[in-house]
Amino acid sequence: MTADALRITPEAVRLGCTAESKADAIDQCGRLLLELGAVEPGYLPAMHEREKSVPTYIGEGVAIPHGTDAARALVRRTALAVIQFPGGVDWDGNDVRVAIGIAADGGEHMSVLSALATTLSIPEQAQALRAATDVDTVISLLDPSGNDQTTDDPVKEPR
Numbered sequence: 001m002t003a004d005a006l007r008i009t010p011e012a013v014r015l016g017c018t019a020e021s022k023a024d025a026i027d028q029c030g031r032l033l034l035e036l037g038a039v040e041p042g043y044l045p046a047m048h049e050r051e052k053s054v055p056t057y058i059g060e061g062v063a064i065p066h067g068t069d070a071a072r073a074l075v076r077r078t079a080l081a082v083i084q085f086p087g088g089v090d091w092d093g094n095d096v097r098v099a100i101g102i103a104a105d106g107g108e109h110m111s112v113l114s115a116l117a118t119t120l121s122i123p124e125q126a127q128a129l130r131a132a133t134d135v136d137t138v139i140s141l142l143d144p145s146g147n148d149q150t151t152d153d154p155v156k157e158p159r
């Protein structure tokens, strides 16, 4: 997988959001992927179908909602949609603070999931993601080209 597979643009990050439920959080991720031009409209219901069959909570306060295998045909391009919920969302008994919507075609899907799991398996990085107050921090934590930056960098201006 190239570094571009996880390239995150500032438009793909939403901080300080709220969601009334897991379904609302998934809807927000799906709408952002749609807004980014990464998916066709039919991808959104497929994200809910995936959640019913295979829960997407991965630990450390993070969930990675994405569509079913069949819905990959509705992916226009690989993209991530990162939405932070500082107040938390009940995700089947788990407290989710960050939902990362994933759109990836068959060739990149597993690589994207693997790269995210690797990044988020570091508790300090997951904590920094949950607590991020600016878009640049989120991008540096999730974009492989920015992983050499530390969370001790000077505070950057919010976008």
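Numbering (the UniProt record's numbering), first residue to last: 1 to 159.
Glycine included, each C-beta is placed from N, C-alpha and C at the ideal position.
Compare the Cα-Cα distances from residue i to each of the options and report the closest residue.
i: T133; options: G101, R97, V39; result: R97
i: R72; options: D95, G42, D90; result: G42
i: T9; options: L74, A38, A25; result: A38
i: W91; options: V13, A23, L15; result: A23
Grab me the residues of residue i's own chain with a C-beta within less than 6 Å of its C-beta, minus the 5 sequence neighbours each way, in chain order.
i: F85; result: C17, A19, R97
i: L129; result: V98, L141
i: N94; result: Y57
Identify the residues that DSSP records as bridge partners of residue i: which are they?
i: H66; result: I102
i: G59; result: V62
i: L80; result: I102
i: V75; result: V39
Can you tell me whether residue i is buried or exposed, with buried defined as 16 or more other CB within 10 angstroms of its CB?
i: G30; result: buried
i: G67; result: buried
i: E35; result: exposed
Leaving aside the five residues before and after residue i along the sequence, list all residues of the same chain whose C-beta is less than 7 Å from its C-beta, in chain order.
i: P154; result: Caution is warranted here: a pLDDT of 34 is assigned to P154, below 50, making its placement in the model unreliable, and the coordinate value is therefore given only provisionally. Answer for P154: no residue qualifies.
Are at least three pairs of beta-carbons, each pair with one atom in the segment 80-100 and one in the segment 52-63, less than 8 Å apart?
The segment 80-100 is in contact with the segment 52-63.
Three Cβ pairs or more, each shorter than 8 Å: is that satisfied between the segment 43-53 and the segment 78-86?
No, the segment 43-53 is not in contact with the segment 78-86.
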